[in-house]
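A quick write-up on the structure given underneath.
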Amino acid sequence: MKKKYLGVIPARGGSKGIPKKNIKELNGKPLIAYTIEAAQGAVEAGAMDRFIVSTDSEEIAEISRRYGAEVPFMRPDYLGGDKIKSVDVILHALSFMEDLGESYDAVLTLQPTSPMRTADDLIEGISMFDESDADSLIAVYEDIRANGFNYYRMGENNVGLAEHKEHNTGIRRQEMKPMYVRNGALYISTIGLLRERKLIIGDEPLLYVMPKERSTDVDSATDFEYIEFLMRKQG
């Protein structure tokens, strides 16, 4: 059964790493514009019902509206700062929309720091979620280096504790099970998971697999340079 979806783009004004990161220009457009365009495509395709931007910055709100997003409220002060949990921001946005008389089955959390995510990613992720009884979905990419064989935790006296019990058996790379890394591009959560458990990701989320080259999460100046290179290469 087709569920009803609300998209929320959380875009805080402050950023310790890169000042005004969410609206910093990336290949000719503010970073947040790429997420807005992907969300617009999903709405136009009928996959997502509505999306909004949640921000505490008038500048981000103005730029978001310029690119076609709704900013129906300014995020209250108690949801400011870098220690606030994402789920609290999402629940506030959901409650605001419900106060307007709207109800939804699930929420898409769309971080502005994933500019390579497309409308098709949202549409396909929603389609996968529609056909399941899962309480959540996350976007991931496959990474052979994350299979566990190469990872160790530090024990006492510098003793390495292997993440995989077969780390020293000489198993071939081709025999390893594929492992997936969360890329931050898409989260889908049921209202029950958000409200009852105060979580965005459940214990056994669905995995929507994206190509690794479109999975970079912008967190540094180097990430900006790398993504600009990829975008220009793609034309």
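Residue numbers for the sequence shown follow this note's numbering, beginning at 818 and rising by one. The C-beta atom is built at its ideal place from N, Cα and C for all residues, glycine as well. This one's a predicted model, so the numbers in the text were calculated from it and none came from an experiment.
Non-local C-beta neighbours of residue 908 in its own chain, meaning closer than 8 Å and more than five positions away in sequence, comprise 1011, 1012 and 1015, ordered along the chain. Judged by beta-carbon spacing, residue 945 lies beyond the 7 Å limit of residue 884, meaning their Cβ atoms are not closer than that value. For residue 1010, the uninterrupted alpha helix (DSSP H) segment begins and ends at 1008-1013.
Going by C-alpha positions, residue 866 is about 5 Å away from residue 822. By the CB criterion at 7 Å, residue 938 and residue 820 fall outside the cutoff.
In the DSSP annotation of this structure, the continuous segment of the alpha helix (DSSP H) that includes residue 849 starts and ends at 848-861.
Judged by DSSP secondary structure, residue 867 falls outside any alpha helix (DSSP H) and instead within the beta strand (DSSP E) spanning 867-872. Counting along the chain, residue 942 sits inside the alpha helix (DSSP H) bounded by residues 936-947. For residue 998, the number of other beta carbons within 10 angstroms of its own is below 16, and it is reported as exposed. Of all C-beta pairs linking the region 832-844 to the region 911-927, fewer than three are shorter than 8 Å, placing the two stretches out of contact. About 5 Å separates the CB atoms of residue 929 and residue 852; that is less than 8 Å, so the two are in contact. DSSP, reduced to helix, strand and coil, places residue 906 within a helical segment of the structure shown.
A Cβ-Cβ separation of about 7 Å places residue 872 in contact with residue 829 under the 8 Å criterion. Residue 958 and residue 1006 have their alpha carbons spaced roughly 19 Å apart. Scanning its chain for C-beta atoms nearer than 6 Å, with the 5 sequence neighbours on each side dropped, one finds around residue 952 the residues 1007, 1010 and 1019, in chain order. Taking C-beta atoms as the reference points, residue 954 and residue 1023 count as a pair closer than 7 Å. Our two residues, residue 864 and residue 893, have alpha carbons roughly 29 Å apart in a direct line.
Within the same chain, and ignoring the five residues on either side of residue 862 in sequence, the residues whose Cβ sits closer than 6 Å to its Cβ are 940.
Take the alpha-carbon of residue 912 and the one of residue 899: they are about 21 Å apart. For residue 1039, the uninterrupted alpha helix (DSSP H) segment begins and ends at 1038-1051. When secondary structure is reduced to three states using DSSP, residue 826 falls in the strand class. The C-beta distance from residue 906 to residue 869 rounds to 11 Å, too long to meet the 8 Å contact threshold. Counted as a single uninterrupted DSSP element, the alpha helix (DSSP H) harbouring residue 881 occupies residues 875-883.
Within the same chain, and ignoring the five residues on either side of residue 850 in sequence, the residues whose Cβ sits closer than 6 Å to its Cβ are 884.
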